[in-house]
Structures are given as C-alpha cells and as structure tokens.
Amino acid sequence: MTNVDSACCFSTRKVGVMDNSTNKEPRNRLSKLLLPETSKFTLYYYRSKDEILKEQKKTEDLNYFIIHPYSLFRRYWLWIMILMSSTNIVFVPMVASFFGKQIYIGWTVYNVFVDISFIVDLCLTFRMGYHHGSMEAILDLRKIRNHYLKTWFIPDLLAAAPVDYCVLILSTTLGGVDPDESRHLLKITNVFSLLRLLRVFRLVRYVNNCLERLSVSMKSFLEVIYNIFGIYLICHWNACFQFMLATWLDYPPNSWVTLAGLVDKPISVQYTRAMFRSLCHMMTLNYGSGIPKGISEQWMMITSITVGSVLYALVLAKITSLQATFNTSQRAYEDRHNELKVYIRHKQVGGTIVTRVFGHMENCYQGKWFDEKAILDELSEPLKLAVMQHVCGDLLRNAFGNADSLFLSKLLLVVEFESYQMGDVIIRPGITADYMYFIDKGTIMVEDAGVQHTLIDGDFFGEIALVKFSKHYIKVWNLSPSRLVCLSCQAYHTVLQDFPELQGKQLSRRSLAPQRGGRT
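What follows is the structure, given as structure tokens:
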C-alpha cells in the first residue's frame, strides 16, 4: 500500500509540475513580446547581443507590467495604430460632410471599434517605456506617467474620447427629440466627431518612430509616400470642410453647392467637385466654381488660399532640399570643377595645360567627387583590407606571387593611388627611385637603354625602388590616361620589418621580371 500510495503521490506531483510548465509557456511567449527584440535596429544602439540580453534581463526583473520601447509587441502595435489613424483621419471629415444626413450602422460600428482601440492605446502608453535623447530606454512608471502627462496626454485624450456619441446618448436619454432637433443634434455630433482629427499628431509621432527602425533606402521611400499622403490629406480636409460648411448652413441659395446643383447628386460627384474646388483654391488657379457669395464661404476661401500658399512654399522647400541632398557627389564635383576654373583664370593659365588639368580631373573622378583616402581611412582594418583585395589584390599577387599572404595583406594597406594623363612623364632618368608602380588601367611606355617596351593592365615597373636605394635610369610615360597603384620604398621597408624571416631574402629585379614577362 505504501508503495502504491507513494507512487500515486509521485505521479500526482509530476502531473502538477507538467501542468504548471504548460501554463507558463504561453505566458513566457507573451512576456518575450514585451522585451527588447534582437534586430539590426537594437544591435545598432546596444552594440552587441550581450547588451540586449542585459536589457532583457533588466526588463524581466521589474516587478510590474511594462512594455519595452524596442519590443516586438510595440513595433506591431505601432503599425496597427498607424493603419487605424490613417484611415480614421481620412474618413471622419468625409462622413461628417457627405454622409451627415443620417447615422450609418456600419460606420458607427467601425468608429466604436477604432475608438476603443485608441482608448486602449492611451492606457498602454502609461505602461509603455520611451527612449530618451541618448536612446536610453526609460522604464520607470513614474517617469513614464509624468512625461506623457506633460506632453501629449491632453491631445490624445481629446482624440480618443467619443464626445459625439456621449452628446448623442445624453440628448436622447434626457428627453424626446423631434425631427428638427434631431437634425441639429446630428450636426452637433458631426462637429464633435472632428475631434478625432487630433489623431493626426499621434500618427506623425508613430510614423517617425517606425521610420527610425528602417534602412536608409526604405526610409527615404516611405518618407516620399508619407509626404504625398500629407499633401493629399490637407487637400482632402479642405474639400470636406468646404462642403461641410454648406451642409451646416442647410444649403443656402447662394451657396456654391446649390448653384452647382450638387444637393441631390451622388456622393462621388459631390466629393469630386469639392476636391476640384479645393485644389483650385489651394493652387491659386481660380475660384473653382464661381466667386463665393456668402461671408462664411469667402472666409473659407481666404483660409483655403492661405493654407494652399503655405503648403506650396513648404513643398517647394522640400523639393529644393531633396535636390540639394540628391547626388551630392556630383554636385561636389561640379563645385570643385568651378573652383578649378576660378583658380586657372586667376593664375592666367592657358593653352594645352587647361585641357590637361580638366582631363586629369575627369580621369580621376569621372564626374563624381570623393576623397578615396579619407573613405578608406574611415573603414575598419578588415573592411579596408577586403576593399583593397578587390581593388588591387591581383596586381600585388601578380608581382609578389610567392610571397606570404599576410605580407601581401600588409602591403595592400599601405599602397596609394595615382592617375596620369596621356603624355605625362612618370619617371625620368636620374631621379631618385622611391616608388614601385602597378598598372590598374592604362597603357605605359618604358624606354630602357634606347629600347622601348609597352606595358598594359596588370604589369608593373619601378621595382628598383624596393631593391636598393638608387636612381632611375629608365624613362616612363603614358600612352593613354592611366590609373596606377603606388608602393613607396619607405612603406615597403616598414612592412618588411614585421617579417624578419623575409628580410634576409633580398628582393631582386630578376625575381620580379618573370612575373611581368620580362618586358622591362
């Protein structure tokens, strides 16, 4: 009996443990959604996975419910709220203007659902961490509450509160409403429904927050879509408000809606004419559908033209700034080109020198200005080595075929680049031999003891600079615009000091000549 009882007790305890573990699994999955995720964005700010794990542990150790600002849940929630906000700020003024004669059940259900979502979002904000200017995540509830109350709480509360439905419920519960009063009540509720347009501020905040997490190319693309949507939204609001004004005034005889015969037209026709009128005002083309008759319509037109003028100026400024930032390397090249023109004019340089100077600049940069040395210096050593391996690794391996790979890697980090024009003399007899040259692109003529040899891409010359300190006895000049990779004698011997086993093996011209084909 004892064995049976103990076995039963053991089996019961085991089942209990399994039940607890199975209950914890969904909770653990849910809690992980609230922790900072491991992504390119978080790795950029936390620098390593270890720091992300520390932040996750720090969030888990808190004894209260908190949503980390870099969590997966917040990212998905932001996109959901962006979608809801975008549709809401488009349809709210449209329904209040063109569908304001009666209450539609479908729209009411959708509106209630969105209102509940925004109220939930308002509550979650008090439990949602935010990032400071230094990207430090603030998870203290008191700081979160004080920060939200001092910033966006009031606009968010007005945007989330269903004031129109509260007014409608109070009016109907306090007493009966006759048809005339119901019509006025519907107008009042439509006015209060426009408070939902304050959600545009939340939309802007959420969009900016999401754009921070995207790559540069995707961010630029979405910013263009974002700006186009903003322009459309302003024109859309203007069209709705212009038609809404005529609706509130019960379509007076001198109203543009009445004069255009739009009172009983389909909503699609009404909206199209209103949008056309709005664009005509905002782009200051004409009055759209005639000069406004009433005072209210005249003030609406004044507002429309003013907003349109400001919007036009902002769009023009945005396009100008985009043009300034677009293809900056080409603009920098043009600036340098103009600067060179001024210098040549100031120094009164003329003749073929001017053609050669501008040809050299075109050969070096090909219409795009960049500082190659500064760019390479900003890279880490492994990245710089990878780039140099791609750019000129084959040139050095062709010359130092049997050399140690680490030795070649060190040489790649100290080589320099030079460009020459056709006819430029690179080496003259009698000058000190201090550089060895590798031909990346171009055709070179070498004259040695009266014998001329032609070198092409992949060849090299001037290797005597690495063998011994002496003077050149050859003449080298360009037959075409060329780009050369240069290895200085000083840099070569500096690298050689790190390889004592190679110092005893004196480099000779004969050891290099077979690699080149013995052409010089």
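Everything in the sequence shown is counted per UniProt numbering, starting at 1 for the first residue and increasing by one. C-beta: ideal position from N, C-alpha, C; glycine also. Values in this document were obtained by computation on a predicted structure and should not be read as measured data.
Cβ neighbours of SER409 within its own chain (closer than 7 Å, five residues either side excluded): LEU385. Pairing GLY294 with VAL307, the inter-Cα distance amounts to about 20 Å. Under the three-state reduction of DSSP, PRO481 is assigned to coil, being neither helix nor strand. Taking C-beta separations shorter than 7 Å and ignoring five residues to either side along the sequence, the partners of GLN421 in its chain run ARG356, GLY359, HIS360, ASN363, ASN478 and PRO481, following chain order.
Take the alpha-carbon of ILE234 and the one of SER171: they are about 33 Å apart. The distance from the Cβ of THR125 to that of TYR148 is about 6 Å, consistent with a contact at the 8 Å cut-off.
Straight-line measurement puts the Cα of PHE499 at about 56 Å from the Cα of ILE67. Under the DSSP assignment, ILE228 falls in the alpha helix (DSSP H) whose first and last residues are 216 to 248. Contact annotation, LYS475 with PRO429: C-beta distance approximately 6 Å; criterion of less than 8 Å satisfied. Judged by beta-carbon spacing, ILE444 lies beyond the 9 Å limit of ILE431, meaning their Cβ atoms are not closer than that value.
In the three-state DSSP reduction, VAL446 falls in the strand class (E or B). In the DSSP assignment, GLU372 falls within the alpha helix (DSSP H) that extends over 372 to 378.
A direct Cα-to-Cα measurement between LEU185 and LEU168 gives close to 7 Å. Within the same chain, TYR70, SER71 and LEU72 come within 7 Å of GLU37 by CB-CB distance, once the 5 residues on both sides are set aside. The beta-carbon separation of GLY129 and ILE116, rounded to 23 Å, does not stay under the 8 Å limit for a contact. VAL485 places its beta carbon less than 9 Å from that of LEU395. Across the set LYS318, LEU203, CYS166 and LEU198, the C-alpha of CYS166 shows the shortest separation from the C-alpha of ILE188. In this structure, DSSP gives LEU487 an extended state, which the three-state scheme calls strand. For ARG74, the CB contacts under 6 Å within the same chain, skipping 5 residues up- and downstream, are ILE67 in chain order. Ranked by Cα distance from LEU198, the options PRO155, SER217 and ALA239 are led by PRO155. Residues of the same chain with a CB within less than 8 Å of the CB of SER31, apart from the 5 flanking positions on each side, are GLU60 in chain order. Assigned with DSSP and collapsed to three states, LEU43 falls in helix. GLY393 and ALA374 have their C-alpha atoms roughly 20 Å apart.
Under the three-state reduction of DSSP output, GLN323 falls in the helix class.
Within its own chain, the residues whose Cβ lies closer than 7 Å to the Cβ of LYS368, once the five positions on either side in sequence are excluded, are SER329, GLN330 and TYR333, listed in chain order. For GLU362, the uninterrupted alpha helix (DSSP H) run begins and ends at 352 to 365, by DSSP. DSSP places GLU55 inside the alpha helix (DSSP H), whose first and last residues are 49 to 60.
For GLN270, the enclosing alpha helix (DSSP H) starts and ends at 267 to 282. For VAL114, the closest of LEU83, LEU139, MET94 and ILE302 by C-alpha to C-alpha distance is LEU83.
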